[in-house]
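Working notes for the structure below.
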Amino acid sequence: MIGMEFFLVFAAILFAIGLYGILSSKRGLVTLMSIELMLNAANINFITFASYSGNAAGQVFVIMTIAVAAAEVAVGIALMLNAYKINKTTEVDELSTMRW
Amino acid sequence: MDVPILSLLVLLPLIGAVLTLFMGGARTKYAKVVAAVFTAAALVLSLYVMFMPSGDLANLTENYTWIESAGIKMSIIFGIDGLSILMVFLTALLMFLVVVFSWNEEDRPNYFHALLLAMEVGLMGVYMAQDYFLFYIMWEVTLIPMFFLISWYGGPRRHYSAIKFFIYTHVASLIMLIGIFGLVFGTSGGDFAFAAVANAGGLSEAMQIFLFGLLFFGFAVKMPVPPFHTWLPDAHVEAPTAGSVLLAGVMLKMGSYGIIRVCLDADIFALAMPVWQPVMIGLGIFAMVYGVYACIAQNDLKKMVAYSSISHMGMVLVGMGCMSEIGIEFAIFQMFAHGLISAALFMVCGLAGHNFGTRDMRLLGGMAGKAPRFALFMMIAFMASLGLPGLMGFIAEFGLLYGLWEYLASVDLMPIILLGLLYMLLTAGYYIWAMQKTLFGKLTDKIDLEHAHDIGNIECVVLAVLAVLIALFGILPGLATDYIMPFVSSIVNAGGLLI
Amino acid sequence: MIGFVDYAWLVPLVPALCFVIVGLIGHKTPEKGGYIAIFGALFAFVMSALVAYDYYTSEAYKLGEAVIIGPIEWLNIGGYTVNFGVYIDSLACIMMLFASFISTMIFVYSIGYMGDQGEKKRRYYAEVSLFLTGMLGLAVSSNFLEMFVFWEVMGLCSYLLIGFWSYTHHEGDAASINAASAAKKAFLVTRAGDVCLMAGLFVLLYAFGSMDYATVFANAQQVYAQDPTLVNIGILLMFGGVIGKSAQFPLHDWLPDAMAGPTTVSALIHAATMVKAGVYLVARSYPLFVTSSDAMLFVAAIGGITAIYTASMALNNMNIKRVLAYSTLSQLGYMILALGAGAYLISMGMDMGGETGQTLITLGTMGYAAGILHMINHAFFKALLFLCSGSVIHATGTEDMRKMGGLRKTMPITAYTMLVGSLSIAGIPILSGFWSKDLVLEAAFAPFDNGLGAGSAFCILFILGMITAFMTAFYMFRMWFLTFTGEPRGHCHGESPKTMTVPLMILGVFAAFIGLIVLADFSYFIIQSLAPGLADALAANGLYLGFHDSMHILEEIFTNVWTYVAIVLAVVGIFIAYRMYVKRPYVAEDFDQTKKGFLYRLVANRYYFPQLYNQISWKLGYGVAKGVDIFDRNVIDGTVNGLSNAVVGSGEGLGQAQTGYVRDYAAYVVVGVLVIIAVVLLMVSYGGGF
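In structure tokens, the structure reads:
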């Protein structure tokens, strides 16, 4: 059987990539995708622990997360589309009307 | 009882608030009708409860479990007794009168009436809640509509006043919340019901004194007790008339209601009460005298009346501080009396600003000839407030000062009663002086007399209703004390009082 | 058998209903409710006459008991119950009778006097009805709190009526302001007394556990024995209320100012209601007051000082109503002096016991009767005098006597009825004032005569009373001569209408002869009102309520040398006034008040008392208030605003960290998480866990 650490390291790498994406990219869509990566990293962790400890609660959470993530992406992309319509850009730094 | 009357008292205004809120556009002009119908329904309901045989009141209690998990139990419990019933009636009555009084409100009437009805939800909840968490939620619910009433419909400095009001009372309620948590987890260990907390009891003396302090602070700011009072004059001066009436008439009573309900519960605070007693009496006397002197210095009628509320609520604090049968009885009577009287006072002052264009006494003068109805109601309201026999204020002041006298005699500090007498004399002084400056003497030429007009018919009827009630309860105080006495003797029988 | 006594509650109730009716629909009735008010007063008079007769013939009167009708529970004060009831004894009957009778006369007179007031009459008749209600309610009250309620109702009415012209005065703005300020002063000064009375009631309730007359009187001696200091304080506080209401020194100054109201109102305040309430309270509380001889010495002293002090201010006043006002003050001083001296005598008599004690008690009851008799007589002649002055003012349009003169020819009825009143108040034999004034002075002299402890003090008070008698005769006739004799100095449009002169004539007859009731053993009727409260306490010491019958009184009066001294003094006073104001031709410069000596100006300026009041109220009231206001706005609000500024300022500083870039926030989160992880790791590895 494959050890738990493989999955965890994989999830950590995925999370780090996502984090890097958020911190470095100015583009809104990339940010959204990076968030998605981080969410999935968390999902993998959930499933890993669930499967190794034999507790189904983790899998339940994953399903919930996926549902929420789907909704979140829908909202996020809709926001981006609208932002693009109005400002002709998806660069998050440019969307500063609400800033102090 | 199958019909959940007490829930209805809360739900009716809630439904009304939602309905009026959505009456924008062409339907705006019906908002006031809807508000009047719902407040009238609540008033009728409260009257029905009032005229029920007192033995049946306990049967009205409603108990729904709301959250029960992890050892915490929060319930929706509505109950009613001699103390609550008067406050509920006062709330329902003033709400209805205020809605009628604001009949000619032109500025976004749907929001205005929705806010008023939302206030009623919170106030009814506070006065009927029998669960600490529900009590706290309802307490906060009253805050928000009042904030918007001031900041949307208020005078020129409304934003400053609204925020000051909000922050002041909100900080106080947070401290009160800490007190409630300490109280609940220290006694029943998580059941927020009043009864559960009281039955469990068993706080140590130090804990009692500390928690009493936290709760008392929360309530005292609401009353308000100097030096935590400065939100009140600002809020009153800027609030629209309806807001001022409710603020003085029923919101301030939440503070004193809380003290009687929670702090004076001997099952919980038997050891803390004697410790805090001198503080309460001292603060109360200070509030009375300080408020009176502050009144004398004011030029704005409404601000003067606002400070007079502080000094009258100081009397309530004194009565509660006596912790005797007489003290509590007349503290409650004064709460009720001040509710009606201050409503009339603020309506009159609001009308002065509205009809004459100014509330500044230096600019007014000789208005009795110009506006006789105004003069009549101003005189009735002022005379009631200064404690003229035959009107409600006198009964309350006589009883409270006698309660104070008994307390002072028991601790051998009788000369302090002189401060009470000074209070009575100076109260008469500033009211009479204000009337002289406003109503009598030379007819002023400093205001726009062309547009100055007397009270309209609607306002006249509202004020007349208040005046009749003030006189009725003043001539037949038994109508109110019949509700108060059983309540007071019930807490006396519980061993709750010191004297 | 149910008699009229059982319906005594109708006496105050009907005027109260008249108040409501006139107040609501008065403007739709003829004379704006004037006739309704007259009906109320007349009904009250007839009813009180029936009640008085019924009581007089009843068994209770003979046994020396009061009739107490249906106390209904009014208010629960903690464990105590306060009732509302009717308490009828001879004192209550007397008060009801003369208050309602004189009010009826005044109301009838008002039809003429206030005839030109238009819409304002409705307010006038409503308020005077309420005023009468207050007085009658006070008279029949069965406990102190009930009495206090009516006491304050009268305070309100006096405020409203004195300020009747406090806006849109027909003489212009200055008069309006003056009226408003007089009303304010009346209310606040009497209020100062009222709060004292209220504190007195606290003491009573605390000491006796009840405020019913019956209970308080029955236990007075016993409670006094237990705690004399407390009862003394209570009595003095209650007397504080009397000082305010009956305008005794030092709270006397509101009454002269109260002349700003209509003259009928002045008549009502001075003769029938208001100021008589204070005297009534002293008389009513007699069984309580006699417990403390020290307090009674104080009461008598206040009365004596007021009598002479206020009479002196009438000596050079030019305002016809003011002169009468000062004379009221002075006569009230007489009443209080007599009541105080009487109570002092009874008190000493009860302490001594035995034969001497009984003599003192009999003298004391005479003092009591003298005070009450003087109150009755004063009510009649003062009502007459005020209504006469009202008639004069109505005809001349001025209150300044320098602008009158020679009115005897144009207004004969007014002139001669006023002469009757003046003779009566001056104490000319067989007229009313003579009898009661003599008895008052005799009562004041008695403690000295019998060599009691405070005798010398009473001797001084007696001498003050004598001088006052002289002053009274002088200033009354100064007023009469200035007004009615000599050459006319102003215009006058003839005698007043019938509605005004008929009441004058009726009152004139009464003012002349009402005092003769003393010869019909009336003092027994008066003294019998002490029996319910005092007889038992006296009997316990082997004493009884003695009284002088009318033969004895006649003998006392006419064998006493002081009586003749007093008569001579009065005649001399009248003669001096005659020499000064009739014999000498009128010279305007003589009346220029600014060119007089210090003493003249001191008196004319009322001993600078109004200024003292102003200073006190300014310093104690407004000065402190300004200080509080500044403290409130700067210190308390300053602290609050300072705190909020500090919070807002630091918030704004921190706000700079909010760049608005998502990446920056994410970076903060990452850094924060790393820091927390580092801390946790450090704690686990070095601290050995949490």
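Protein chains in written order, with our numbering: chain C, 1 to 100; chain E, 101 to 599; chain P, 600 to 1289. A virtual CB, placed ideally from N, CA and C, is assigned to each residue, including glycine. Please read all numbers here as calculations on a predicted model, not as lab measurements.
Taking Cβ-Cβ distances shorter than 9 Å, what residues in chain P pair up with residue i?
{"i": "C/Val92", "result": "Tyr1260, Val1261, Arg1262"}
Only counting the same chain, and skipping five residues up and downstream in sequence, which positions put a Cβ closer than 7 Å to that of residue i?
{"i": "P/Phe985", "result": "Thr862, Ser865, Ala866, His869, Ala870, Leu923"}
{"i": "P/Thr1067", "result": "Ala906, Ile907, Ala910, Ser929"}
Cα separation between residue i and residue j?
{"i": "E/Phe212", "j": "E/Asn455", "result": "21 Å"}
{"i": "P/Ile693", "j": "P/Ala651", "result": "8 Å"}
{"i": "E/Ala320", "j": "E/Phe312", "result": "11 Å"}
{"i": "E/Leu488", "j": "P/Met810", "result": "19 Å"}
{"i": "P/Leu1030", "j": "P/Ala978", "result": "14 Å"}
{"i": "P/Pro855", "j": "P/Arg921", "result": "6 Å"}
{"i": "P/Gly963", "j": "P/Gly956", "result": "10 Å"}
{"i": "P/Ala791", "j": "P/Ser699", "result": "28 Å"}
{"i": "C/Thr31", "j": "P/Ala1265", "result": "11 Å"}
{"i": "E/Ala484", "j": "E/Gly574", "result": "9 Å"}
{"i": "P/Val889", "j": "P/Ile834", "result": "10 Å"}
{"i": "E/Met459", "j": "E/Lys402", "result": "The residue asked about is misnamed: residue 459 of chain E is Arg in this sequence, not Met. Looking at the two C-alpha atoms, the distance is approximately 7 Å."}
{"i": "C/Asn87", "j": "C/Gly28", "result": "13 Å"}
{"i": "P/Cys1058", "j": "P/Leu1040", "result": "10 Å"}
{"i": "P/Phe763", "j": "P/Glu745", "result": "27 Å"}
{"i": "E/Ile263", "j": "E/Ala141", "result": "33 Å"}
{"i": "E/Leu451", "j": "E/Phe248", "result": "21 Å"}
{"i": "P/Ala781", "j": "P/Thr927", "result": "17 Å"}
{"i": "P/Val1223", "j": "P/Thr767", "result": "33 Å"}
{"i": "E/Gly457", "j": "E/Gly556", "result": "15 Å"}
Is residue i helix, strand or coil when you go by DSSP?
{"i": "P/Glu998", "result": "coil"}
{"i": "P/Phe1289", "result": "Caution applies to P/Phe1289, whose pLDDT of 49 falls short of 50 and renders its modelled position unreliable; the value that the coordinates give is listed next. Looking at P/Phe1289 - three-state DSSP - the assignment turns out to be coil, as it is neither helix nor strand."}
{"i": "E/Asp582", "result": "helix"}
{"i": "C/Leu89", "result": "Checking the sequence shown, residue 89 of chain C turns out to be Thr, not Leu. Here C/Thr89 sits in coil by DSSP."}
{"i": "E/Gly596", "result": "The predicted model places E/Gly596 with a pLDDT of 49, which falls under 50 and marks its position as unreliable; any figure quoted below should be read in that light. Correct three-state label for E/Gly596: coil."}
{"i": "E/Trp505", "result": "helix"}
{"i": "P/Pro1102", "result": "helix"}
{"i": "P/Tyr1143", "result": "coil"}
{"i": "E/Met101", "result": "Because E/Met101 sits at a pLDDT of 48, beneath the cut-off of 50, its placement in the model cannot be relied upon, and the following sentence gives the value as read from the coordinates. The answer is coil: DSSP assigns E/Met101 none of H, G, I, E or B."}
{"i": "P/Phe1044", "result": "helix"}
{"i": "P/Asn777", "result": "helix"}
{"i": "P/Thr767", "result": "coil"}
{"i": "E/Gly541", "result": "strand"}
{"i": "E/Ser304", "result": "coil"}
What is the residue span of the beta strand (DSSP E) that residue i lies within?
{"i": "E/Ile172", "result": "172-178"}
{"i": "P/Phe568", "result": "Because residue 568 of chain P is not part of the residues shown, which for chain P are 600 to 1289, the question remains open."}
{"i": "E/Ile167", "result": "162-169"}
Excluding sequence positions up to five away, which residues of its chain have a Cβ less than 8 Å from the Cβ of residue i?
{"i": "E/Lys470", "result": "Leu543, Leu549, Ala552, Asp554"}
{"i": "P/Asn818", "result": "Phe807"}
Listing by chain order, which chain P residues have their CB less than 7 Å from the CB of residue i?
{"i": "C/Ile22", "result": "Arg1262, Ala1265"}
{"i": "E/Ala468", "result": "Tyr766"}
{"i": "E/Gly529", "result": "Leu787, Gly1220"}
Once the 5 residues before and after residue i are set aside, which same chain residues still bring their CB inside 6 Å of it?
{"i": "E/Ile176", "result": "Tyr164, Trp166, Leu234"}
{"i": "P/Met734", "result": "Ala698, Thr872"}
Who are the neighbours of residue i on chain E, taking C-beta pairs under 8 Å?
{"i": "P/Asn675", "result": "Glu429, Gly578, Thr581, Met585"}
Listing by chain order, which chain C residues have their CB less than 7 Å from the CB of residue i?
{"i": "P/Val1269", "result": "Leu19"}
Please report the residue range of the alpha helix (DSSP H) in which residue i lies.
{"i": "P/Leu674", "result": "Unbroken run through P/Leu674 is the beta strand (DSSP E), 666-676; no alpha helix (DSSP H)."}
{"i": "P/Gly1026", "result": "Here P/Gly1026 belongs to no alpha helix (DSSP H), and DSSP marks it neither H nor E."}
Give the interface partners of residue i over in chain P, defined as CB-CB distance under 8 Å, in chain order.
{"i": "C/Thr31", "result": "Val1261"}
Please tell me whether, using a cut-off of 8 Å, the distance from the CB of residue i to the nearest non-hydrogen atom of the ligand MG is below it.
{"i": "E/Asn455", "result": "Ligands in the displayed structure: none, and consequently the ligand MG is not present."}
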